[in-house]
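Enquirer: Each residue of the sequence shown is one higher than the one before, starting from 605 at the first, in this note's numbering.
Please read through the structure below; I'll follow up with questions.
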Amino acid sequence: MKKLIKVGLPLALAGVLVLSLVGCGGANESSSSGNEKVVVYNWGDYIDPDVNAEFTKETGIKVVYSEYANNEEMYATVEPGNVNYDILIPSDYMIEKMINNDMLAPMDTSKIPNYTKIDERFKGLPFDKEDKYSVPYMWGTVGIVYNKTMVDEPVDSWDILWDEKYDDKIFMYDSERDSIMVALKKLGYSMNTRDPKELEEAKNLLIKQAPLVLAYVGDEGKGKMVNGEAALMIAWAGDAMVMMDQNPDLDFAIPKEGSNYFVDSIVIHKDAKNKEAAYKYIDFLCRPDIAARNAEYIGYSTPISEARELLPEEIKNSPVAYPDEAITSADNMEMFNDPSDVIELYSDLWTQVKASNQ
């Protein structure tokens, strides 16, 4: 679930910006006469900046590329139906929501030869059990990034985020779903519970924690951790990889109570105007050498073993990027599901939590 922008990579970010602007002008732009195109809407900084240009060079298909900050922004843009995208790369729970709302085209994997490269463990996932609508792109886990110069005890439980000795040294995500997930897991509940009593307990636990929280952070949190501004922060493993590369005092742990295990996947919008070009683009992204380049650049984990083998030793053997399969398959590791039926309750609970931090 790509969230945060890399730090300390101005040239790479400039490359992404150029790719986003050159020849784009918005998703409704018409292609040059006689030229194929594919219109792609992806997370910010979630692709190697040279990949789109290389795809165009190899196929002659122009990539009209734009970015969003989170799943909800993407959905709000696409849902009205007045902007035409071919390719989207949402997270698991958002794919479930889009399937339920009949927004996606069935995926013809016979047109994606490299689909066979994807590991079987990333097929038949809960949000698309028949692999009818999605092709896995990247995956990861959620845990705690901590500064070893400030934390001298084992980090193996969410409990540490409630320890008073870390008063004003804790960053929590400014995200109702992710922060409530932490509290639910600490309490031993499913992060997808609909039980109002369990959610109320999670809210009260977060309110109890609020005085210890230095800040509820978004994109800026990663840079702040790299700069040593806090001791502990919730983090996606891919972002943890980037932070640890920038600051060797940082480490990452998945708490024993369990956490979120996520997969971001490629989908085709049901109203896509360039489906054949979309299939060629998806196949290109599934090619092991391209998948490896994307995984190395963004820090997240590829679902293609052949691509993983092409990565530098320190990445492909990292327990942060590639934890043992027994960890991700444990009963207490869950994927988020579509929260549409409880979204108002979540928003109300989170408003109360944030108010307690004032």
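From the three backbone atoms N, C-alpha and C, an ideal C-beta is built for every residue, glycine too.
Computed from a prediction, not measured in an experiment: that's the story for all the values here.
Kindly indicate the opening and closing residues of the alpha helix (DSSP H) around Trp743.
Expert: Here Trp743 belongs to no alpha helix (DSSP H); instead the beta strand (DSSP E) covers Val739 to Asn751.
Enquirer: Need the endpoints of the beta strand (DSSP E) that Lys701 sits in, please.
Expert: Segment Asp696 to Asn704 is the alpha helix (DSSP H) holding Lys701; no beta strand (DSSP E) there.
Enquirer: What is the rounded straight-line gap between the Cα of Leu692 and the Cα of Tyr793?
Expert: C-alpha separation (whole angstroms): 32 Å.
Enquirer: Using alpha carbons as the reference points, say which of Ala925, Pro758, Ser695 and Asp887 lies closest to Ser714.
Expert: Answer by Cα proximity: Asp887.
Enquirer: Assuming Met939 and Asp696 form a contact by the criterion Cβ under 8 Å, report the distance between their Cβ atoms to the nearest whole angstrom.
Expert: About 5 Å; that satisfies the 8 Å criterion.
Enquirer: Can you look up Tyr689 in the DSSP assignment and give me helix, strand or coil?
Expert: The answer is coil: DSSP assigns Tyr689 none of H, G, I, E or B.
Enquirer: Let me confirm a value: Leu625 is counted as buried when at least 16 other C-beta atoms fall within 10 Å, else exposed. Which label applies?
Expert: Summary for Leu625: the model assigns pLDDT 35, below 50, so the residue's position carries little reliability; its value from the coordinates is reported in the next sentence. Exposed is the call here.
Enquirer: Please state the DSSP three-state secondary structure of Leu791.
Expert: In the structure shown, Leu791 sits in coil (DSSP, three-state: anything other than H, G, I, E or B).
Enquirer: Which two residues bound the contiguous alpha helix (DSSP H) that contains Met848?
Expert: Run containing Met848: Ala841 to Gln850, per the alpha helix (DSSP H) assignment.
Enquirer: Just to confirm the assignment, what range does the alpha helix (DSSP H) spanning Pro754 have?
Expert: Residue identity check: residue 754 is Met in the sequence provided, not Pro. Taken as a continuous stretch (DSSP letters only), Met754 belongs to no alpha helix (DSSP H), as it is neither H nor E.
Enquirer: With DSSP as the reference, label Phe659 as helix, strand or coil.
Expert: It is helical.
Enquirer: Per DSSP, which residues does Glu671 bridge with? Please list them.
Expert: DSSP, once it has assigned bridges, lists Asn646 as partnering Glu671.
Enquirer: Check the DSSP bridge columns for Val786 and list the partner residues they point to.
Expert: Paired residues: none, contrary to the question.
Enquirer: Short of 7 Å in beta carbon distance, which residues of its chain neighbour Ile919, apart from the five on each side in sequence? Order them along the chain.
Expert: Correct list, in chain order: Glu900 and Ala925.
Enquirer: What are the residues that DSSP puts in a beta bridge with Leu836?
Expert: Looking at the DSSP assignment, Leu836 forms a beta bridge with Tyr750 and Ile774.
Enquirer: Considering only the beta carbon of each residue, do Lys807 and Thr663 sit closer than 9 Å?
Expert: No, these two residues do not count as a Cβ contact at 9 Å.
Enquirer: Just grab the DSSP bridge partners of Glu938 for me.
Expert: Answer is Asn864.
Enquirer: Taking DSSP as the reference, what is the three-state secondary structure of Lys884?
Expert: In the structure shown, Lys884 sits in a helix (DSSP, three-state: H, G or I).
Enquirer: Helix, strand or coil, according to DSSP, for Ile651 in the structure here?
Expert: Ile651: coil per DSSP, three-state reduction.
Enquirer: Excluding the five sequence neighbours on either side, which residues of its own chain have a C-beta within less than 8 Å of the C-beta of Asn961, listed in chain order?
Expert: Excluding residues within five positions, the ones whose Cβ falls inside 8 Å are Ala814, Pro815, Val817 and Tyr820.
Enquirer: Whole angstroms are fine: how far does the CA of Asp823 sit from the CA of Met776?
Expert: Met776 and Asp823: Cα-Cα distance of roughly 12 Å.
Enquirer: Using 10 angstroms around the beta-carbon of Ser933, count the other beta-carbons present and answer buried if the total reaches 16, otherwise exposed.
Expert: Looking at its Cβ environment, which holds fewer than 16 other Cβ atoms inside 10 Å, Ser933 is exposed.
Enquirer: Are the CB atoms of Asp732 and Lys879 nearer to each other than 9 Å?
Expert: Contact flag unset, no.
Enquirer: Let me confirm a value: Pro771 is counted as buried when at least 16 other C-beta atoms fall within 10 Å, else exposed. Which label applies?
Expert: For the record, residue 771 in the displayed sequence is Asp; it is not Pro. Answer is exposed; the Cβ neighbour count stays below 16.
Enquirer: Give the DSSP-derived three-state secondary structure of Ser869 in the structure shown.
Expert: Looking at Ser869 - three-state DSSP - the assignment turns out to be strand.
Enquirer: To the nearest angstrom, report how far apart Arg781 and Trp840 are at their CA atoms.
Expert: Those two C-alpha atoms are separated by around 14 Å.
Enquirer: Take the Cβ of Ala959 as the centre, count every other Cβ of all protein chains shown within 10 Å, and call the residue buried at 16 or more, exposed below.
Expert: Exposed, since its Cβ has fewer than 16 Cβ neighbours within 10 Å.
Enquirer: What separation, rounded to the nearest whole angstrom, lies between the Cα atoms of Asp799 and Asp945?
Expert: The straight-line gap from Cα to Cα measures roughly 12 Å.
Enquirer: What does Ala819 pair with, by DSSP beta-bridge criteria?
Expert: Phe775.
Enquirer: Does the Cβ-Cβ distance between Ile774 and Met837 come in under 9 Å?
Expert: Cβ distance < 9 Å, so Ile774 and Met837 count as in contact.
Enquirer: Starting from Leu854, follow the beta strand (DSSP E) in both directions and report where the run begins and ends.
Expert: Taken as a continuous stretch (DSSP letters only), the beta strand (DSSP E) holding Leu854 covers Leu854 to Ala857.
Enquirer: Rounded to the nearest angstrom, what separates Asp928 and Ser922 at their Cα positions?
Expert: The alpha-carbon atoms of Asp928 and Ser922 are separated by roughly 10 Å.
Enquirer: Taking only the alpha-carbon atoms, compute the straight-line gap between Glu913 and Tyr750 and give it to the nearest angstrom.
Expert: Glu913 and Tyr750: Cα-Cα distance of roughly 28 Å.
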